[in-house]
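S.K.: The following block contains the structure, expressed as C-alpha cells.
Numbering (mature numbering (1 follows the signal peptide of the UniProt record, and there is no 0)), first residue to last: -28 to -1, 1 to 317.
Okay, structure coming up:
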C-alpha cells in the first residue's frame, strides 16, 4: 500500500476541509454520510475520493463524509473522514459493540457499508456475517431511526493464500438480497449495491483483494446512483408514468432467459437509439402478476416490488449511438409470468 508523508497528508486534509467549507451552504444541515468497512474502505479507500468529487461536480454539495478516521492518502482533495478499519471483521465489530461509539461521535444520516471481506476470508458462514449485519443495522437505527443504509455485495476476492475465497464471496453475496429484503423498513430502508458484478480481481485489484485505480473508479461509479437516490429522499412513485421522452433516446427489450417452478431469469437490453452518447440510463416496468426480483447484475435496482426501476451500474452507463448493454435478474413468480413492457429513459 502506497504511503504519503505526514506533511502531505496534513496538506491534503486541510485542502479537503477548505473544499468542504466552501461547498456547504451556510446555515444548511448537510447530509452526513459514513463510509463503513475495512481496508477496502479506509486504506486508502480512494473510491471515496472519486465518489466525493463526482458528487461535488454534479451539484451535490450539501454533504459531509463522516467517520472517526481521517483521510489516508489518494493525493486528491476530498472530504476523507471515514470508518474504514483495516483488518476489521464485521462480526467482531458487532460482537464487541464498537459501532455505537462511532455513531454517537459522527451522527450519520446515510451509511455506505462495504463490509465482510475479512469475515469471508476467515471462513465465517454467511448467515453469521448477516446476523452481525442485523446487529449493526439495529445500532444504526438506534442512533438515527431514519437511517438510510446502503449495503454492498462485496467486490470479488481471489488472494493467492486463499483458494476458496472467490467462491465464499459468491455465497455471501448471494445471501445479501434476501437478508436486506427481510431487514429493510419504510423509515430506514436498506439498499443493496452490487459491487461484485463487472469487477475483476485480475484487472481491478493489485493483490486479488484491494482495488487498484481501475477498481476504485468502478466502486465509485457503482456507489454513485444509489447514493444520489438516498440523497434525493423517497423520490417519485415508481408507478407514475414516466415523462414522455423526445424522439431518439433509448429502448429497453425484455427477454425471458429461462424459467422454472417458482422462479425465472430475465434479461433486458438497453440500446442507445439517439444520435448522441448517453451518460446514464434508467429502465422502468411494472410486473403484472406478483413477480419479485431477488438478484440483479449489470444494473442497480433502485425500486423493487411490482413497480421496478433499474439504473445503470456506473461502468455501463455511457453508451455511444447504436451501442447496447444488457442487465439480468433472478425473480420469483406464482400463477402466471407474463412479459413486462419496459421503458427506457
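Heads up, the beta-carbon is just placed ideally off N, CA and C, and yes, glycines get one too.
For a quick check, are the C-beta atoms of residue 271 and residue 236 less than 8 Å apart?
M.R.: Against a cut-off of 8 Å, the Cβ pair of residue 236 and residue 271 comes out as no contact.
S.K.: Taking just the CA atoms, how far does residue 307 sit from residue 23?
M.R.: Residue 23 and residue 307: Cα-Cα distance of roughly 43 Å.
S.K.: Going straight from the alpha carbon of residue 250 to that of residue 118, what length do you get?
M.R.: So the two alpha carbons sit approximately 34 Å from each other.
S.K.: DSSP three-state label for residue 81, please.
M.R.: In the structure shown, residue 81 sits in coil (DSSP, three-state: anything other than H, G, I, E or B).
S.K.: In the structure shown, what three-state DSSP assignment does residue 149 receive?
M.R.: Three-state DSSP puts residue 149 in a helix.
S.K.: Give the straight-line distance between the Cα atoms of residue 295 and residue 314, rounded to the nearest whole angstrom.
M.R.: Their Cα atoms are separated by approximately 18 Å.
S.K.: Classify residue 172 as helix, strand or coil using the three-state DSSP reduction.
M.R.: Residue state, collapsed to three classes: coil.
S.K.: What's the call for residue 247, buried or exposed, on a 16-neighbour Cβ count within 10 Å?
M.R.: When all chains shown are included, residue 247 counts as exposed.
S.K.: Leaving out five residues before and five after residue 260 in sequence, what residues of the same chain have Cβ atoms less than 6 Å from its Cβ?
M.R.: Around residue 260: 310.
S.K.: Closest to residue 193 by C-alpha separation, out of 8, 3, 18 and 9, would be which residue?
M.R.: When only C-alpha atoms are compared, the closest one is 18.
S.K.: Tell me, please, which residues DSSP counts as bridged to residue 315.
M.R.: Bridge partners of residue 315: 256.
S.K.: So, under 8 Å CB-CB, residue 12 and residue 63 are touching, yes? Tell me the CB distance rounded to an integer number of Å.
M.R.: 16 Å between Cβ atoms; not a contact.
S.K.: Rounded to whole angstroms, what is the Cα-Cα separation between residue 60 and residue 10?
M.R.: Those two C-alpha atoms are separated by around 6 Å.
S.K.: Give me, in chain order, the residues of the same chain whose beta-carbon lies closer than 7 Å to that of residue 269; leave out the 5 immediate sequence neighbours on both sides.
M.R.: Contacts found: 166, 169, 299 and 300.
S.K.: For a test of the three-state rule: what should DSSP assign to residue 268, helix, strand or coil?
M.R.: Of the three classes helix, strand and coil, the one that applies to residue 268 here is strand, per DSSP.
S.K.: Along the chain, where does the alpha helix (DSSP H) containing residue 178 start, and where does it finish?
M.R.: No alpha helix (DSSP H) contains residue 178, which DSSP labels as neither H nor E.
S.K.: To the nearest angstrom, how far is it from the Cα of residue 196 to the Cα of residue 238?
M.R.: Distance between the alpha carbons of residue 196 and residue 238: 25 Å.
S.K.: Can you list, in chain order, the stretches of the alpha helix (DSSP H) that have 4 or more residues and sit fully within the region 54 to 117?
M.R.: As far as the region 54 to 117 is concerned, its whole alpha helix (DSSP H) runs of at least 4 residues are 62 to 67, 71 to 78, 89 to 93 and 98 to 115.
S.K.: Inspect the CB distances between the region 129 to 145 and the region 86 to 95 and report whether three or more fall short of 8 Å.
M.R.: The region 129 to 145 vs the region 86 to 95: in contact.
S.K.: Check this for me: beta carbons of residue 71 and residue 111, under 8 Å apart or not?
M.R.: Yes, these two residues count as a Cβ contact at 8 Å.
S.K.: In whole angstroms, what is the alpha-carbon distance linking residue 132 and residue 183?
M.R.: Cα to Cα, the separation comes out at about 15 Å.
S.K.: Going by C-alpha to C-alpha distance, which of 185, 45 and 106 sits closest to residue 150?
M.R.: Answer by Cα proximity: 106.
S.K.: Considering only the alpha carbon of each residue, which of 134, 293 and 148 lies closest to residue 223?
M.R.: The option with the nearest alpha carbon to residue 223 is 293.
S.K.: To which residues of the same chain is residue 225 closer than 6 Å at the C-beta, ignoring the five residues directly before and after it?
M.R.: The answer, listed in chain order, is 241.
S.K.: From residue 303 to residue 47, what does the alpha carbon distance come to, in whole angstroms?
M.R.: In a straight line, the C-alpha of residue 303 is about 43 Å away from that of residue 47.
S.K.: According to the neighbour-count rule (16 or more other Cβ atoms, all chains shown, within 10 Å of its Cβ), is residue 49 buried or exposed?
M.R.: With 16 or more other Cβ atoms within 10 Å, it is buried.
S.K.: Report yes if the C-beta distance between residue 319 and residue 58 is below 8 Å; otherwise report no.
M.R.: The shown model of the chain, from -28 to 317, leaves out residue 319, and the question about it has no answer.
S.K.: When burial is assigned at 16 or more other CB atoms within 10 Å of the CB, is residue 211 buried or exposed?
M.R.: With a pLDDT of only 42 at residue 211, under the threshold of 50, the placement of this residue in the model should not be trusted; the figure read from the coordinates follows. By the neighbour-count rule (16 or more Cβ atoms within 10 Å), residue 211 is not buried but exposed.
S.K.: Under a three-way DSSP split, which group does residue 223 fall into?
M.R.: Residue state, collapsed to three classes: strand.
S.K.: Mind checking which residues open and close the alpha helix (DSSP H) that includes residue 245?
M.R.: No alpha helix (DSSP H) holds residue 245; DSSP gives it neither H nor E.
S.K.: With C-beta atoms as the reference, is residue 145 less than 8 Å away from residue 121?
M.R.: Not a contact, by the Cβ cut-off of 8 Å.
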